[in-house]
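K.L.:
My questions will all concern the structure given below.
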Amino acid sequence: MPLLFKKNPVDIFFSVITALAALSVVVFIAGILYILIRESSLSIERFGVFNFIFSTDWDPVRESFGAATNLFGTAVTTFLSLLFAIPVAVGIAIFVTEIAPNFLKGPIGVAIELLAAIPSIIYGMWGLFTLAPIMSEYIEPALQASLGKVPVLGILFEGTPMGIDLLTASVILSIMIIPFTASISRDAFNLTPAVVKESAYALGATRWEVVKNVVIPYSRLGIFGGVVLSLGRALGETMAVAFVLGNNHQITSSLLDAAATITVTLANEFTEADTDLYLSSLFYLALILFVLSFITLAIAKIFLLRAERRS
Amino acid sequence: MKTVLRLFLILTIALSFTAVQAAETINGAGATFPYPVYSAWAYQYQKTTGVRLNYQSIGSGGGVRQITNRTVDFGASDAPVPPEKLTRKDLLQFPAVIGGVVLVVNIPGVKSGQLKLDSESVCRIFLGEITEWNDSRIKSLNPSLKLPGRKITVVHRSDGSGTTAIFTTYLSKACADWKEKVGAGKAVKWPVGIGGKGNEGVANYVRRVKYSIGYVEFAYAKQNKLTYTLLKNPSGNFVKPSFETFQAAAASADFDPQKHFYLWLINAPGKNAWPISGATFILLAREKKKSNIKTVRFFDWAFKNGDETAKRLVYVPLPDDLKNKVRAYWKQNGIY
Chain A
632 MPLLFKKNPV DIFFSVITAL AALSVVVFIA GILYILIRES SLSIERFGVF
682 NFIFSTDWDP VRESFGAATN LFGTAVTTFL SLLFAIPVAV GIAIFVTEIA
732 PNFLKGPIGV AIELLAAIPS IIYGMWGLFT LAPIMSEYIE PALQASLGKV
782 PVLGILFEGT PMGIDLLTAS VILSIMIIPF TASISRDAFN LTPAVVKESA
832 YALGATRWEV VKNVVIPYSR LGIFGGVVLS LGRALGETMA VAFVLGNNHQ
882 ITSSLLDAAA TITVTLANEF TEADTDLYLS SLFYLALILF VLSFITLAIA
932 KIFLLRAERR S
Chain B
10 MKTVLRLFLI LTIALSFTAV QAAETINGAG ATFPYPVYSA WAYQYQKTTG
60 VRLNYQSIGS GGGVRQITNR TVDFGASDAP VPPEKLTRKD LLQFPAVIGG
110 VVLVVNIPGV KSGQLKLDSE SVCRIFLGEI TEWNDSRIKS LNPSLKLPGR
160 KITVVHRSDG SGTTAIFTTY LSKACADWKE KVGAGKAVKW PVGIGGKGNE
210 GVANYVRRVK YSIGYVEFAY AKQNKLTYTL LKNPSGNFVK PSFETFQAAA
260 ASADFDPQKH FYLWLINAPG KNAWPISGAT FILLAREKKK SNIKTVRFFD
310 WAFKNGDETA KRLVYVPLPD DLKNKVRAYW KQNGIY
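What follows is the structure, encoded as structure tokens:
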């Protein structure tokens, strides 16, 4: 710390304050992890790690708990939402950086950031009152009539379309994570040196060829980082999903069926969990989610750092 | 400068008054279901007596936990706490208002109060054994009603809730299969159906999904004009959910002060009693006499002056007999 050597009391004070602020973050994370482990210890002892993760049982009356159904819901909604969101988000980013005229760049950028600022409960209510009816009346019957007839793919679209299911939840989630992926991809695209792009244009490349052969390869890692950050967000999203997922602890082959995610289970059941083992199992779920998020964010960070170092 | 000083003075005086008032506060926490009526009572109580009631609707589970840890003046729970547990944690318990659970359906052509169900058929529907509306077990109860041969969609609560506890207790008493396979609790492993978050979630699903059936809090069904069903009570009458049938249930039930009023208000014997109802309860820490007297004074005031407010918010006030029983219970424990 070079500041400390100057021995100026104001400087020392300043550096101590900022160091404390930075340290507090680490302390908070360690504290949260400690509490999660302590509170879930009862459930960890009872069910173990392997059994808990792979058990599909979630029965508060008989106090038998397992995370598999929740992990299933979390995994499917996260995967589908990324599947829907990435192409759109990358498209937005390409348009904003390479194609849009200057006067459009500002407004679109602001619109994307506004989308990110909408509270998730509003997405949830919009999903329940507006999107779910549209899904159940138009989109899902149409899917059943088309893709539902395809032999193997059809399994994904079985059942009565109610609009309260994995598919609707994934659509809502994808709308919520588009801004994240789009703005990070945009920043990554902007890192492509103008010289390289101009050289490509000078060689006679079309816009599509420049994007495909220069910009995207150059910023691949940046896009990946953005995707993983969105993944983190999708993993943790609660309210919007709780409204449209149907909240059933089950593993289903159909996307038109209800399921539950880790966060939704926590939000739904925490207030009324009255036995110790029940509460402890909910903390256990939270611990699993914490570890999952931590891993995904760590991966994202590593890739982003690498991308930055390269440019 | 002068005006600033004066303003400062006025503000200081005003604030110190509120500070004095705030000193007289009752803190409660627990069930979300009675929150609207408690806060309406609290508002009027503060206007007449100056005592503030601060109620946090954090859920029954949290309410029981907080009063057990003695962090609040009273806890509130939608499900009665068993007497053994009350003794162990040194708590007192009494009912405050009555609520009920109503079955709501969405069958095109069927209006409120037309469909008749009994405990057996309700149980079989929620077990997933009766799958269509024109099942003979429903038809025999409704010979004159035209019922479609459509698949029934069951809607239940996804969040833990006192409403679910009351309803599943009813189902457990209705048929042995339910008791054995599922059981009763604030959250259970539902054999069939989709889960809505909160009363509003269930109501919304039922309204949207055709040929569905769900259960909601009476107040919610009434305010949202949902299509409710009639239910057969143990006396053999088909009753409709209303203030009268809930009060009939409460009046005919045997609330025992010796057991701290522990009672599920299910299948009450009254001739006009609605079979699925329940009281919501207040929990007190036995040794905290001084704060208990404050709390009891509030509920005594509410028993005397709060019935109209409660009814306006579609809660069923306790019948007079039961109120007097509660007062006797307070007296017996030296807090009234």
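Protein chains in written order, with the numbering used here: chain A, 632 to 942; chain B, 10 to 345.
Where is the CB? At the ideal position from N, CA and C, for every residue including glycine.
Quantities reported herein were computed from a predicted structural model and do not represent experimental measurements.
#1: Given this structure, state the Cα-to-Cα distance separating B:K298 from B:A51, to the nearest angstrom.
#2: If I follow the unbroken alpha helix (DSSP H) through A:A871, where does it start and stop?
#3: Leaving out five residues before and five after B:V335 in sequence, what residues of the same chain have Cβ atoms less than 6 Å from its Cβ?
#4: Closer than 7 Å to a non-hydrogen atom of the ligand ATP - does that hold for the CB of A:A891?
#5: Identify which residue in B:E33, B:F308, B:V90 has its Cα closest to the Cα of B:V46.
#6: In angstroms, rounded to a whole number, what distance separates the CA positions of B:L327 and B:S130?
#7: Please classify A:L745 as buried or exposed, where buried requires at least 16 other C-beta atoms within 10 Å of its C-beta.
#8: Between the stretch 779 to 800 of chain A and chain B, which residues of the former have a C-beta closer than 9 Å to a C-beta of the latter?
#9: If you drop the 5 nearest sequence neighbours on each side, which residues of the same chain put their C-beta closer than 6 Å to that of A:L664?
#10: If you drop the 5 nearest sequence neighbours on each side, which residues of the same chain put their C-beta closer than 8 Å to that of A:V845?
#11: So, under 8 Å CB-CB, A:S674 and A:L908 are touching, yes? Tell me the CB distance rounded to an integer number of Å.
#12: Measuring only the C-alpha atoms, how far is B:E33 from B:I76?
#13: Any idea which residues DSSP pairs B:V113 with across the strands?
#14: Can you tell me which of the three DSSP states B:N36 falls into?
#15: I'd like to confirm the pairing. Which residues does DSSP put opposite B:V163 in its beta bridges?
#16: Can you round the beta-carbon distance between A:L866 and A:S924 to whole angstroms, since I take them to be within the 8 Å contact cut?
#17: Comparing alpha-carbon positions, which option in A:V721, A:I668, A:L928, A:M793 lies nearest B:G202?
#18: Could you check what DSSP says for A:V656 in three-state terms: helix, strand or coil?
#19: When you compare the CB of B:Y214 with every CB in chain A, is at least one pair closer than 8 Å?
#20: How big is the Cα-Cα spacing for A:I666 and B:A49?
#21: Looking at the C-beta of A:W757, does it have a partner C-beta in chain B at a distance below 8 Å?
#22: Who are the neighbours of A:T902 on chain B, taking C-beta pairs under 7 Å?
#23: With DSSP as the reference, label B:A105 as helix, strand or coil.
#24: Going by Cα to Cα distance, which pick from B:F270, B:A262, B:A105 is closest to B:P243?
#25: For A:K932, which of helix, strand or coil comes out of DSSP?
#26: Chain B partners of A:F965, CB-CB under 7 Å?
#27: Can you find the residues in the same chain that come closer than 6 Å, C-beta to C-beta, to A:F874, ignoring five residues on each side of it along the sequence?
#28: Between which two residues does the alpha helix (DSSP H) containing B:Y54 stretch?
#29: Give the secondary structure of B:V325 by DSSP, where H, G and I count as helix, E and B as strand, and everything else as coil.
#30: Based on the DSSP output, what are the partners of B:T289 in its beta bridges?
#31: Could you check if B:P43 is buried or exposed, using at least 16 other CB atoms within 10 Å of its CB as the buried criterion?
#32: Could you tell me if A:I608 is buried or exposed, where buried requires 16 or more neighbouring beta carbons within 10 angstroms of its beta carbon?
#33: Considering only residues of the same chain and omitting the five flanking positions on each side of B:S300, which have a CB-CB separation below 6 Å?
#34: If we call anything under 8 Å between Cβ atoms a contact, is B:V111 one with B:F227?
#35: Put A:E829 into one of helix, strand or coil per three-state DSSP.
#36: Nearest to A:I660 by CA position, among A:A776, A:L762, A:L918, A:S777, is which residue?
P.N.:
To lay it out plainly:
#1: What you label residue 298 of chain B is simply residue 289 of the second sequence in a count that begins at 1. What you label residue 51 of chain B is simply residue 42 of the second sequence in a count that begins at 1. Going by the C-alpha atoms only, they are around 21 Å apart.
#2: For this step, residue 871 of chain A is matched to residue 240 along the first sequence. Where A:A871 is concerned, the enclosing alpha helix (DSSP H) stretches over 870 to 875.
#3: One-based indexing of the second sequence puts residue 335 of chain B at position 326. These residues qualify, in order along the chain: F103.
#4: Ligands in the displayed structure: none, and consequently the ligand ATP is not present.
#5: To locate residue 46 of chain B, count along the second sequence from 1; it is residue 37. Of B:E33, B:F308, B:V90, the residue nearest in Cα terms is B:F308.
#6: What you label residue 327 of chain B is simply residue 318 of the second sequence in a count that begins at 1. What you label residue 130 of chain B is simply residue 121 of the second sequence in a count that begins at 1. Between B:L327 and B:S130, the C-alpha separation is close to 30 Å.
#7: Counted from its first residue, the first sequence places residue 745 of chain A at position 114. It is exposed - the Cβ of A:L745 has fewer than 16 other Cβ atoms within 10 Å.
#8: Residues of the stretch 779 to 800 of chain A with a Cβ closer than 9 Å to any Cβ of chain B, in chain order: T791, M793, G794, I795, D796.
#9: Your numbering for residue 664 of chain A matches position 33 in the first sequence. Excluding residues within five positions, none has a Cβ falling inside 6 Å.
#10: Position 214 of the first sequence, counted from the start, is the residue given in the question as residue 845 of chain A. Counting only Cβ-Cβ distances below 8 Å, and skipping sequence neighbours, we find T823, V827, K828, A831, A836.
#11: Taking the first residue of the first sequence as 1, we reach residue 674 of chain A at position 43. Taking the first residue of the first sequence as 1, we reach residue 908 of chain A at position 277. Taking C-beta atoms under 8 Å as the contact rule, A:S674 and A:L908 qualify, at a distance of about 6 Å.
#12: Counting from one through the second sequence, the residue named residue 33 of chain B turns up at place 24. Counting from one through the second sequence, the residue named residue 76 of chain B turns up at place 67. Going by C-alpha positions, B:E33 is about 19 Å away from B:I76.
#13: Counting from 1 along the second sequence, the entry for residue 113 of chain B is found at position 104. Beta bridge pairing from DSSP links B:V113 with B:G223, B:Y237.
#14: Residue 36 of chain B sits at position 27 when you count from the first residue of the second sequence. Residue state, collapsed to three classes: strand.
#15: Numbered from its first residue, the second sequence carries residue 163 of chain B at position 154. B:V163 pairs with B:I222.
#16: For this step, residue 866 of chain A is matched to residue 235 along the first sequence. For this step, residue 924 of chain A is matched to residue 293 along the first sequence. About 6 Å separates the two Cβ atoms, so the contact holds.
#17: Residue numbering aside, residue 202 of chain B sits at position 193 when the second sequence is read from its first letter. Shortest Cα-Cα distance from B:G202 to any of A:V721, A:I668, A:L928, A:M793 involves A:M793.
#18: Counting from one through the first sequence, the residue named residue 656 of chain A turns up at place 25. It is helical.
#19: For the purposes of this step, residue 214 of chain B is taken as residue 205 along the second sequence, with counting starting at 1. So yes, B:Y214 belongs to the interface.
#20: Within the first sequence, the letter at position 35 stands for residue 666 of chain A. Within the second sequence, the letter at position 40 stands for residue 49 of chain B. The alpha-carbon atoms of A:I666 and B:A49 are separated by roughly 37 Å.
#21: For the purposes of this step, residue 757 of chain A is taken as residue 126 along the first sequence, with counting starting at 1. Cβ-Cβ to chain B under 8 Å: no for A:W757.
#22: Looking up residue 902 of chain A in the first sequence gives position 271. I67, G68, G70, G71, G169, listed in chain order.
#23: The count along the second sequence starts at 1 and reaches residue 105 of chain B at position 96. Strand.
#24: Here residue 243 of chain B refers to the residue found at position 234 when the second sequence is read from its first residue. Closest in alpha carbon position to B:P243, among B:F270, B:A262, B:A105, is B:A262.
#25: Working through the first sequence from its first residue, we reach residue 932 of chain A at position 301. A:K932 sits in a helix when the DSSP states are folded into three classes.
#26: Because chain A is modelled from 632 through 942, residue 965 of chain A falls outside the range shown and cannot be assessed.
#27: Counted from its first residue, the first sequence places residue 874 of chain A at position 243. Within the same chain, A:F874 has close Cβ partners G755, G758, L759.
#28: Within the second sequence, residue 54 of chain B is the residue found at index 45, counting from 1. Here the alpha helix (DSSP H) through B:Y54 covers 44 to 58.
#29: As a position in the second sequence, residue 325 of chain B is number 316, starting the count at 1. Here B:V325 sits in strand by DSSP.
#30: Numbered from its first residue, the second sequence carries residue 289 of chain B at position 280. Note: B:T289 sits in a beta bridge opposite B:V106.
#31: Within the second sequence, numbered from 1, the residue matching residue 43 of chain B stands at position 34. The residue is buried, with at least 16 neighbouring Cβ atoms inside 10 Å.
#32: Past the boundaries of the shown model lies residue 608 of chain A; chain A is included only from 632 to 942, so the question cannot be answered.
#33: Residue 300 of chain B sits at position 291 when you count from the first residue of the second sequence. Around B:S300: D82.
#34: Walking along the second sequence from the start, residue 111 of chain B turns up at place 102. Walking along the second sequence from the start, residue 227 of chain B turns up at place 218. Yes, these two residues count as a Cβ contact at 8 Å.
#35: Position 198 of the first sequence holds residue 829 of chain A. Correct three-state label for A:E829: helix.
#36: The residue you call residue 660 of chain A lines up with position 29 of the first sequence. Ranking the options by Cα distance to A:I660, first place goes to A:L918.
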